[in-house]
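J.: If you're matching positions, the sequence shown starts at 566 in my numbering and goes up one per residue.
Ideal placement from N, C-alpha and C gives every residue a C-beta, glycine not left out.
Quick caveat, the model's predicted, so the values are computed rather than measured.
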Amino acid sequence: MDDPWDLVIVGAGPAGAAAALGALTAAPELRVLLLDRAAFPRDKACGDGVAPDVTDMLAALGVPGLLDDWAPVQRLELSHGSRRVSRPMRRPVRVVPRTVLDHRLQAAAVAAGARFERRRVRTVQPLRRGVIVDDDLTGLVVIGADGAYSAVRQAAGVPAVRRRAIALRGYVATPPRWSGRQVIAFDHEHPQAYAWCFDRGDGLANVGYGAFGTAGLTRAALLRRLGELLPGADDGTDWRGHHLPLSSWRWSQPDGHLLLAGDAAGLINPMTGEGLHYAVATGALAGRAAAAAITAGRPDTAGARHRSAVRALLGRHLRHTATAARLSAVPAVLTAGIAAANRDQGVFDELVELGLGQGRLTRRVVTGLARALVVR
Ligand SMILES: Cc1cc2nc3c(=O)[nH]c(=O)nc-3n(C[C@H](O)[C@H](O)[C@H](O)COP(=O)(O)OP(=O)(O)OC[C@H]3O[C@@H](n4cnc5c(N)ncnc54)[C@H](O)[C@@H]3O)c2cc1C
Numbered sequence: 566m567d568d569p570w571d572l573v574i575v576g577a578g579p580a581g582a583a584a585a586l587g588a589l590t591a592a593p594e595l596r597v598l599l600l601d602r603a604a605f606p607r608d609k610a611c612g613d614g615v616a617p618d619v620t621d622m623l624a625a626l627g628v629p630g631l632l633d634d635w636a637p638v639q640r641l642e643l644s645h646g647s648r649r650v651s652r653p654m655r656r657p658v659r660v661v662p663r664t665v666l667d668h669r670l671q672a673a674a675v676a677a678g679a680r681f682e683r684r685r686v687r688t689v690q691p692l693r694r695g696v697i698v699d700d701d702l703t704g705l706v707v708i709g710a711d712g713a714y715s716a717v718r719q720a721a722g723v724p725a726v727r728r729r730a731i732a733l734r735g736y737v738a739t740p741p742r743w744s745g746r747q748v749i750a751f752d753h754e755h756p757q758a759y760a761w762c763f764d765r766g767d768g769l770a771n772v773g774y775g776a777f778g779t780a781g782l783t784r785a786a787l788l789r790r791l792g793e794l795l796p797g798a799d800d801g802t803d804w805r806g807h808h809l810p811l812s813s814w815r816w817s818q819p820d821g822h823l824l825l826a827g828d829a830a831g832l833i834n835p836m837t838g839e840g841l842h843y844a845v846a847t848g849a850l851a852g853r854a855a856a857a858a859i860t861a862g863r864p865d866t867a868g869a870r871h872r873s874a875v876r877a878l879l880g881r882h883l884r885h886t887a888t889a890a891r892l893s894a895v896p897a898v899l900t901a902g903i904a905a906a907n908r909d910q911g912v913f914d915e916l917v918e919l920g921l922g923q924g925r926l927t928r929r930v931v932t933g934l935a936r937a938l939v940v941r
């Protein structure tokens, strides 16, 4: 058995890297081991849309300007059948391939003092005073940032997420009509599914199709609907698919030495499929909770600390997105939402905040929706 680590993080994606940064900015003396089955840079199926809050949170973790060399994308276009809205967002997003984003984040975690090791973790065994990983590593606290099929989640006894989406992404040369924008075409044949084209600003666009609920959705079916909704987008390359564990009204994190963050914690926005913001936010909170518990000499309190921090930050927002996702599954409500956003920039901005940030279902959004439904 090697020397015990203070903190072992399983998964070096955005949640894992943010966890290392959160822990090391809170307590730089901690011995932090960051494990991933992949070597970096590595690809990950994603729309590559990075919300502005993500770069704010990274700056607060000591990594400012990480994506400043990528073009800001200001305009968002939403459509559902013939109904359409195209408006500038209050703050731009960046569309950055995960080979770039995740490599930079992993390198930032290492620069902050984490040790990176390539390893596929197979077993995680919580004990009274710490955690044994793969029979040869020990940590006072272990953070599971190991994505949608998390082994740490299973070891913590948290049931697998039931509500999942599936999505397929590829890359195409950006068609001029979609240049400088994020385009989302909701599927009028399948509720809670959409095709997207997100311009990266470097001549390529990330394209894909995602559907909430996974039954009977083959790769061929996803590609066909992508081509029907956004003709030409299905000409892409580098196709890669993945499941998305969607957040719901409730969120659980047990007491003890095992903490969960990002997809491993079942945190993907059920309206939009956005998960990077939650991954970085909950990764940083998990790192800070672990650091506080370890430096207090009570690593067993890490789980409770993390649970209360995540609930304080995201609890109400998660309940609002769960409600909004149910509402937007009704095609008439989705159409009304697009109409309301088309009429009022404020409604548009607040819907964007609900889908990409920590927004709520505000009075303005609810009134706008109700009005659009009545007019309809
Ligand atoms: C097609 C698609 C499109 C999406 N589009 C967007 C978007 O545009 N914007 C957005 O914000 N979100 C999007 N998401 C969601 C986003 O990709 C995830 O929420 C995000 O990757 C979560 O980060 P994470 O660090 O929790 O997990 P991951 O990024 O999945 O990282 C987990 C890491 O753990 C490692 N790992 C797994 N198991 C083990 C193990 N046993 N041992 C060691 N290492 C392990 C993996 O190699 C990986 O590096 C999309 C998802 C999909 C599938």
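What number of angstroms, rounded off, separates the C-alpha of V917 from the C-alpha of A785?
T.: To locate residue 917, count along the sequence shown from 1; it is residue 352. To locate residue 785, count along the sequence shown from 1; it is residue 220. Their backbone Cα atoms lie some 30 Å apart in a straight line.
J.: Indicate, with yes or no, if ligand 1 has a heavy atom lying under 7 Å from the CB of V575.
T.: Looking up residue 575 in the sequence shown gives position 10. V575: yes, Cβ under 7 Å from ligand 1.
J.: Taking just the CA atoms, how far does G578 sit from R765?
T.: As a first step, residue 765 is located in the sequence shown; it is residue number 200 there, counting from the start. As a first step, residue 578 is located in the sequence shown; it is residue number 13 there, counting from the start. Approximately 20 Å, taken between the alpha carbons.
J.: Would you please verify whether the beta carbon of Q923 is less than 8 Å from any beta carbon of chain C?
T.: Looking for chain C here will not work: only one protein chain is present.
J.: Any chance you could list the beta strand (DSSP E) runs of at least 3 consecutive residues sitting entirely within the stretch 693-741, in chain order?
T.: 696-698, 702-709 and 729-738
J.: Ordered along the chain, which non-local residues of its own chain (more than five positions away) have a Cβ less than 7 Å from that of Q671?
T.: Walking along the sequence shown from the start, residue 671 turns up at place 106. Taken in chain order, the residues that qualify are A577, A582, F605 and F681.
J.: Note down, in chain order, each residue of its chain lying with its Cβ closer than 6 Å to the Cβ of Y843, except the 5 sequence neighbours on either side.
T.: Numbered from its first residue, the sequence shown carries residue 843 at position 278. Answer for Y843: L832, listed in chain order.
J.: Between R729, L702 and I697, which has its C-alpha nearest A720's C-alpha?
T.: Position 155 of the sequence shown, counting from 1, holds the residue named residue 720. A720 has its Cα closest to that of I697, out of R729, L702 and I697.
J.: To which residues of the same chain is L683 closer than 8 Å at the C-beta, ignoring the five residues directly before and after it?
T.: Taking the first residue of the sequence shown as 1, we reach residue 683 at position 118. Note that residue 683 corresponds to Arg in the displayed sequence, not to Leu. The residues are L600, D601, R602, A603 and A604.
J.: Express the C-alpha separation of L850 and R884 in angstroms, rounding to a whole number.
T.: In the sequence shown, counting from the first residue as 1, residue 884 sits at position 319. In the sequence shown, counting from the first residue as 1, residue 850 sits at position 285. If you take the alpha carbons of R884 and L850, they lie about 19 Å apart.
J.: First and last residue of the alpha helix (DSSP H) that includes Q747?
T.: Position 182 of the sequence shown, counting from 1, holds the residue named residue 747. From DSSP, Q747 is part of no alpha helix (DSSP H) but of the beta strand (DSSP E) over R746 to F751.
J.: From the DSSP output, in three-state form, read off V931 for me.
T.: Mapped onto the sequence shown, residue 931 falls at position 366. Secondary structure of V931 (DSSP, three-state): helix.
J.: In angstroms, rounded to a whole number, what distance separates the CA positions of L788 and H645?
T.: As a position in the sequence shown, residue 788 is number 223, starting the count at 1. As a position in the sequence shown, residue 645 is number 80, starting the count at 1. For L788 and H645, the distance between alpha carbons rounds to 18 Å.
J.: Give every residue of the same chain whose Cβ lies closer than 8 Å to the Cβ of G821, excluding the five residues on either side of it in the sequence, and list them in chain order.
T.: Translated into positions along the sequence shown, residue 821 becomes position 256. P691, A721, D865, A867 and G868, listed in sequence order.
J.: Out of R815, P819, R881 and F763, point me to the one whose CA is closest to L643's CA.
T.: The residue you call residue 643 lines up with position 78 of the sequence shown. Of the candidates R815, P819, R881 and F763, the one whose C-alpha sits nearest the C-alpha of L643 is F763.
J.: Could you say which of A855, A738, G920 and P617 lies nearest to P629 if we only look at CA atoms?
T.: Residue 629 sits at position 64 when you count from the first residue of the sequence shown. Ranking A855, A738, G920 and P617 by Cα distance to P629 puts P617 first.
J.: Tell me whether the beta-carbon of V706 lies closer than 8 Å to the beta-carbon of L572.
T.: Taking the first residue of the sequence shown as 1, we reach residue 706 at position 141. Taking the first residue of the sequence shown as 1, we reach residue 572 at position 7. In this structure, L572 lies closer than 8 Å to V706 by Cβ.
J.: If distances are taken between C-alpha atoms only, which option among G704, A798 and G712 comes closest to W743?
T.: Your numbering for residue 743 matches position 178 in the sequence shown. Among G704, A798 and G712, the Cα nearest to that of W743 belongs to A798.
J.: Suppose you measure from the CA of R652 to the CA of T932; what does that come to, to the nearest Å?
T.: For the purposes of this step, residue 652 is identified with residue 87 of the sequence shown, where counting begins at 1. For the purposes of this step, residue 932 is identified with residue 367 of the sequence shown, where counting begins at 1. Each residue's alpha carbon lies about 20 Å from the other.
J.: Using the C-alpha atoms, what's the distance from S715 back to G709?
T.: Residue 709 sits at position 144 when you count from the first residue of the sequence shown. Residue 715 sits at position 150 when you count from the first residue of the sequence shown. When rounded, the distance between both Cα atoms is 7 Å.
J.: Does the stretch 899-909 come close enough to the stretch 792-809 that 3 or more CB-CB pairs lie under 8 Å?
T.: Output reads no: the stretch 899-909 does not touch the stretch 792-809.
J.: May I ask you to verify whether the stretch 807-820 touches the stretch 868-880, counting CB pairs closer than 8 Å and requiring at least 3?
T.: yes
J.: Under 7 Å from any heavy atom of ligand 1, does the C-beta of H755 make it?
T.: Indexing the sequence shown from 1 puts residue 755 at position 190. No.
J.: Using 8 Å for Cβ pairs, my map puts A732 next to G773. What's the rounded Cβ distance?
T.: Residue 732 sits at position 167 when you count from the first residue of the sequence shown. Residue 773 sits at position 208 when you count from the first residue of the sequence shown. With 8 Å as the limit, A732 and G773 qualify as a contact, their Cβ atoms being about 6 Å apart.
J.: Using the beta-carbon count (16 or more within 10 Å), is T783 buried or exposed?
T.: The sequence position of residue 783 within the sequence shown is 218, counting from 1. When all chains shown are included, T783 counts as exposed.
J.: What residues in its chain sit with their C-beta under 7 Å from that of G768, if we drop five residues either side in the sequence?
T.: Here residue 768 refers to the residue found at position 203 when the sequence shown is read from its first residue. Cβ within range, chain order: A738 and T739.
J.: Quick one: which unbroken alpha helix (DSSP H) runs of 4-plus residues sit fully inside the stretch 828-877? Chain order, please.
T.: 841-860
J.: Grouping DSSP H, G and I as helix and E and B as strand, with all else coil, what is A894?
T.: Numbered from 1 along the sequence shown, position 329 holds the residue referred to as residue 894. Here A894 sits in coil by DSSP.
J.: Mind checking which residues open and close the alpha helix (DSSP H) that includes P617?
T.: By one-based count along the sequence shown, residue 617 stands at place 52. Run containing P617: P617 to A625, per the alpha helix (DSSP H) assignment.
J.: What runs of the beta strand (DSSP E), each 3 residues or longer, lie entirely inside the stretch 794-833?
T.: You should have 802-810 and 823-825.
J.: So, helix, strand or coil for H882, using DSSP?
T.: Sequence index remark: in the sequence shown, residue 882 carries index 317 (1-based). Residue state, collapsed to three classes: helix.
J.: Within 10 angstroms of its Cβ, does D800 collect 16 or more other Cβ (buried), or is it exposed?
T.: On the sequence shown, residue 800 is found 235 positions in, with the first residue counted as 1. Answer is exposed; the Cβ neighbour count stays below 16.
J.: Here's the rule: buried if 16 or more other CB atoms are within 10 angstroms of the residue's CB, otherwise exposed. What is E754?
T.: Residue mapping note: residue 754 aligns to position 189 of the sequence shown, counting from 1. When all chains shown are included, E754 counts as exposed.
J.: Sorry if obvious, but does the Cβ on L599 come closer than 7 Å to a heavy atom of ligand 1?
T.: Looking up residue 599 in the sequence shown gives position 34. No - ligand 1 has no heavy atom lying nearer than 7 Å to the Cβ of L599.
J.: Over the uninterrupted beta strand (DSSP E) stretch that includes L572, give me the two end residues.
T.: Within the sequence shown, residue 572 is the residue found at index 7, counting from 1. First-last of the beta strand (DSSP E) with L572: W570 to V575.
J.: Cα-Cα, which of G695, D608, R693 and D711 is closest to T847?
T.: Your numbering for residue 847 matches position 282 in the sequence shown. When each option's Cα is compared against that of T847, the closest is D711.
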